[in-house]
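Notes for the one structure printed next.
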Amino acid sequence: MATVRQWEFAGRHGAVAAYSWTRPEPRYLAVLVHGYGEHLGRYGHVVRALLGHGAAVCGVDHTGHGESAGERVLIEDFEDVVADVHTLVADARADHPALPVVMIGHSMGGMIAARYAQLHGRDLAALVLSGPVLGRWAALEALLGLEEIPDVPIDPATLSRDPAVGEAYAADPLVWHGPFKPPTVRAFDRCIAAVNEHGSLGGLPTLWVHGEDDRLVPLEGTRGGIEAIRGADLTERVYPGARHEVFNETNAAEVLADVTAFVDRVLGAPAR
1 MATVRQWEFA GRHGAVAAYS WTRPEPRYLA VLVHGYGEHL GRYGHVVRAL LGHGAAVCGV
61 DHTGHGESAG ERVLIEDFED VVADVHTLVA DARADHPALP VVMIGHSMGG MIAARYAQLH
121 GRDLAALVLS GPVLGRWAAL EALLGLEEIP DVPIDPATLS RDPAVGEAYA ADPLVWHGPF
181 KPPTVRAFDR CIAAVNEHGS LGGLPTLWVH GEDDRLVPLE GTRGGIEAIR GADLTERVYP
241 GARHEVFNET NAAEVLADVT AFVDRVLGAP AR
């Protein structure tokens, strides 16, 4: 039976909403890092899968997202977001000091998680990157060249082949459905450059999962970023026909099984 806790802490730009799910005798700590415009509440099925695999789970709504404070989707420096995630990890490790930490980041969260690993890799036993915004992101390049950003929402059909995923996304009041903010666009550009310049993750075991038909963060643009951070232990899984949110795809069970198998390979399979 999982115990759920929600609280707030003082982040770099106001109150940050934090969440944790604990279970009896966890064998590792999974840290979820969500994507742009969304919130951790969309990851309930991922949390359940990880709990069932033996993890204690935690995460935050980033500043300007979900239940956290701040102007919606305004991020002026992703180093501040990395610092907020680091505060969460320190808090969680105080509760579970002996547990290895596995960070799982999706999309923008994959970029944040990669930067976190570069700065605080000693905190991590393993890293999972799902459709990460790394390398060359053509959509970002287009936005950087605009004097005024058009109010064009993300097409929910690009998230998953399951129509119910897009419908729930479109109806979710905690999801941002408006345009990008110019400071956030510039912050994305600086963070991608910082990740590229920092280089290899060294020996940190890393799993990269991506949809072959990802139209929001196309596979080939990300591949260059993966090569920039590639360390000695990188595993790649590309899912044919899958779109951007592989954890919400029609083959989500396969994706989550790949994640848990990767964790078992790194940490050792649980005792029977």
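Here full-length UniProt numbering is used: the first residue of the sequence shown is 1, the next is one more, and so on. All C-beta atoms, glycine included, are put in the ideal place defined by N, C-alpha and C.
Exercise. With a CB to CB cut of under 6 Å and the five nearest residues on each side skipped, what residues in its chain are close to L234?
Worked result: T206
Problem set entry | DSSP state of F9 mapped onto helix, strand, coil | strand
For this session: Report yes or no: do three or more beta-carbon pairs, one from the region 189 to 206 and one from the region 167 to 180, lie closer than 8 Å?
Result: no
Exercise. For Y36, which of helix, strand or coil comes out of DSSP?
Worked result: coil
Problem set entry | Rounded C-alpha distance that separates L256 from G66 | 24 Å
For this session: Over the uninterrupted beta strand (DSSP E) stretch that includes A113, give me the two end residues.
Result: Taken as a continuous stretch (DSSP letters only), A113 belongs to no beta strand (DSSP E), being part of the alpha helix (DSSP H) at M108 to H120.
Problem set entry | Three CB pairs or more closer than 8 Å across the region 119 to 126 and the region 142 to 151 | no
Exercise. Given that a residue counts as buried once 16 or more other Cβ atoms are within 10 Å of its Cβ, and exposed if not, what is T3?
Worked result: exposed
For this session: Just grab the DSSP bridge partners of L29 for me.
Result: A56 and V101
Problem set entry | Cα-Cα separation, A187 to A168 | 28 Å
Exercise. Of all the options N251, G199, E227 and I149, which has the alpha carbon lying nearest to the alpha carbon of S160?
Worked result: N251
For this session: Per DSSP, which residues does V128 bridge with? Please list them.
Result: I104 and L207
Problem set entry | Cα-Cα separation, V195 to A171 | 34 Å
For this session: Grab me the residues of V238's own chain with a C-beta within less than 6 Å of its C-beta, minus the 5 sequence neighbours each way, in chain order.
Result: H210 and E212
Problem set entry | According to DSSP, residues forming a beta bridge with V185 | DSSP output for V185 lists no bridge partner at all.
Exercise. Under a three-way DSSP split, which group does R161 fall into?
Worked result: coil
For this session: Please confirm whether H34 and H62 have their CB atoms less than 8 Å apart.
Result: yes
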